[in-house]
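Going left to right, the sequence shown walks through residues 1 to 366 as the UniProt record's numbering numbers them. The structure under discussion appears below in the form of structure tokens.
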Amino acid sequence: MSIVPTSHNHSIVAVLVVFSFVGGSGLVLLVGGYRLSRTEIHPRFHTAILWRSLAGIGVMLAILGLYHVQPDTGLTNPTRSIPILTGFSAVAGFAVGLSDGRAKTRAHALEQKNRQLERVQEQLEASNERLEQFAYAASHDLQEPLRMVSSYLQLIDGRYGDDLDDDGEEFLAYAIDGADRMKEMIDGLLEYSRIDTQGEPFAPVDLDEVLAAVRKDLELKIEETDAAIEADALPRVHGDERQLRQLFQNLVSNAIQYSPSAPRVEITTERDGDEWVVSVHDDGIGIDSAEQERIFEVFQRLHGPDERPGTGLGLALCRRIVERHGGEIWVESEPHEGSTFSFTLPVEHDRHGPRPLDDRGTVANP
């Protein structure tokens with residue numbers, strides 16, 4: 001038996017050669033060929049295929065040897081049958097080797113892909129970590145000069161504001177406003193870079209308590225806009241309480257900000273296996289479908305700072321927080337018909353068990 005490589009189509013030909021004596025008087029040569037694709041069967045398994053063929057021949061020869069020990073096997077004229085039987089055995093062994101080679105090739109290819117994916121994932125994680133470190137360092141280093149600029153602008157306004165003409169007052173107001181917005185953006189970028197690196201360990205979190213804290217934080221805004229916030233009895237989840245509080249605050253604050261007078265915000269929950277789906281509904285201005293993915297990116301805004309306040313980081317922070325908790329966040333909306341922001345969080349399995357569900361799959365009131 002031999003292996004003959006070809007140089008053009010990157011395949012090999014396996015040649016089976018069987019020599020046998022017929023009645024001790026002649027030599028029979030059986031030759032069979034099969035083209036093995038390198039993509040179908042990896043070259044490292046080609047030799048194993050030939051060994052399977054040899055094994056098939058060996059098995060048949062062993063059977064023939066047993067005949068001479070036990071002649072009453074029923075085999076007619078075994079000497080003349082040697083070429084046929086050994087050829088058949090070689091082909092059978094070859095077929096088994098082909099099947100095994102294909103299976104091993106697929107397993108080998110899958111293993112290589114998994115290793116490649118692991119390397120890519122490691123590179124991405126290292127790259128993300130470097131980017132987070134850079135964002136944190138850059139933001140931190142920018143704070144001091146910006147603080148100095150803001151301080152001197154305030155001094156100029158306090159000491160010389162009365163001496164400025166209308167244009168001077170306008171220019172100074174623009175400078176102070178720009179410095180304030182820059183500070184907000186740097187603070188947001190710092191917070192964004194800390195989501196993974198400086199988050200708290202996960203623990204049981206009662207979302208009812210989280211929402212109560214958010215209501216208190218937004219109390220003034222709720223009173224000023226006459227907003228109404230309605231919510232189901234919220235479940236316990238497994239997560240970082242501080243980050244989940246920020247998540248709820250960003251979404252509820254946006255729902256109030258982008259709604260007309262007397263906005264109505266509704267928060268609902270639904271159990272889906274080992275996850276809770278939490279949805280924040282509003283009756284606001286809505287979002288065009290073409291913008292619904294972009295709004296979760298860093299510094300992406302649908303309106304200018306003069307129209308709506310903000311840094312363009314709120315929803316990006318929400319996505320990072322949800323992703324850290326192993327969930328997803330998305331929005332369903334139509335222009336002028338309100339929006340529904342939904343996200344998933346892991347169920348908290350504690351010794352008391354989850355709160356019972358009602359017929360709708362939501363948390364029953366305690």
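Every residue, glycine too, gets a C-beta built ideally from N, C-alpha and C.
(request) For my contact list, R242 and E348 are in at a C-beta cut-off of 8 Å; report their separation, rounded to the angstrom. (result) Not a contact, Cβ separation roughly 16 Å.
(request) Reducing DSSP to helix, strand and coil, say where G168 ends up. (result) helix
(message) Would Y192 and L315 qualify as a contact pair, given that the criterion is a beta-carbon distance under 8 Å?
(response) no
(message) Measuring alpha carbon to alpha carbon, tell me which residue in P335, E170, M185 and F171 is nearest Q300.
(response) M185
(message) Given this structure, state the Cα-to-Cα distance separating A203 from G239, to the nearest angstrom.
(response) 5 Å
(message) With a threshold of 7 Å on Cβ separation, who are the neighbours of D283 within its own chain once the five nearest residues in sequence on each side are excluded?
(response) S259, P263, R264 and G338
(message) Assuming G229 and R215 are in contact, meaning their beta carbons sit under 8 Å apart, how far apart are those beta carbons, in whole angstroms?
(response) Inspection of the sequence shows that residue 229 is occupied by Ile rather than by Gly. The Cβ separation is near 7 Å, so the contact holds.
(request) Label S333 either buried or exposed according to how many other C-beta atoms from any shown protein chain fall within 10 Å of its C-beta, with 16 as the threshold for buried. (result) buried
(request) Work out the CA separation of I195 and G158 for me, nearest whole Å. (result) 38 Å
(request) Below 8 Å on the Cβ atoms is my guess for V322 versus F343; work out the distance and round it to an integer in Å. (result) 5 Å
(request) Compute the Euclidean distance between the alpha carbons of W276 and G199, then round it to the nearest angstrom. (result) 21 Å
(request) Could you say which of L207, E297, H325 and Y160 lies nearest to I267 if we only look at CA atoms? (result) L207
(message) Considering only the alpha carbon of each residue, which of D180, R119 and A126 lies closest to Q143?
(response) D180
(message) Per the DSSP calculation, L211 is bridged to which residue(s)?
(response) None; L211 has no bridge partner.
(request) Consult DSSP for A228 and reduce its assignment to one of helix, strand or coil. (result) strand
(message) Per the DSSP calculation, V237 is bridged to which residue(s)?
(response) V205 and V347
(request) Give the straight-line distance between the Cα atoms of Q292 and Q257, rounded to the nearest whole angstrom. (result) 17 Å
(request) Return yes when the Cβ of Q249 is within less than 8 Å of the Cβ of L218, no when it is not. (result) yes
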